[in-house]
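Data first, discussion second: the structure below is written as C-alpha cells.
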Amino acid sequence: LGRLRDKPMLVLWGGRDFCFNRLFYDEWCQRFPKARTHYFEDGGHYVLEDIFPGAMERIAPFLKSCYG
C-alpha cells in the first residue's frame with residue numbers, strides 16, 4: 275500500500291458496511307492523507323449500488339482532475 279501513498283486516490287466509504295466499519299475508513303484516511311475521501315452514512319459495502327448519485331458527484335470531478 276505504501277506505493278500508492280503519492281498516487282491520486284478517491285476513497286468512498288459506506289457507514290453501513292457489514293464488513294469494514296468506521297475504524298477501517300479512519301485507518302485509510304491516516305495512511306493516505308492526500309486522498310480525497312467521503313464517508314456516506316447511508317452507504318453500505320457496495321457504495322456505488324447504494325448511493326450511486328452521491329458517489330458520482332465525487333467520482334466525476336476526481337477523474338477530471340486526474341485526467342482532464
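In the working numbering, each residue carries its 1-based index in the sequence shown increased by 274.
Glycine residues also receive a C-beta, built at the ideal position from the N, C-alpha and C atoms.
DSSP three-state call for residue i: helix, strand or coil?
i    : result
R310 : strand
Looking at the strands, I want to know which residues DSSP matches up with residue i.
i    : result
L284 : R310
Examine the ligand MG and report whether any of its heavy atoms sits within less than 7 Å of the Cβ of residue i.
i    : result
L337 : Annotation note on the ligand MG: not contained in the displayed structure, which lists no ligands.
In whole angstroms, what separates the C-alpha of residue i from that of residue j?
i    : j    : result
M283 : F292 : 23 Å
W302 : Y320 : 17 Å
F336 : K308 : 13 Å
G276 : F306 : 9 Å
T311 : N295 : 15 Å
Tell me whether residue i is buried or exposed, calling it buried when 16 or more other Cβ atoms sit within 10 Å of its Cβ.
i    : result
Y299 : buried
G317 : buried
L286 : buried
For my contact list, residue i and residue j are in at a C-beta cut-off of 8 Å; report their separation, rounded to the angstrom.
i    : j    : result
D324 : G288 : 6 Å
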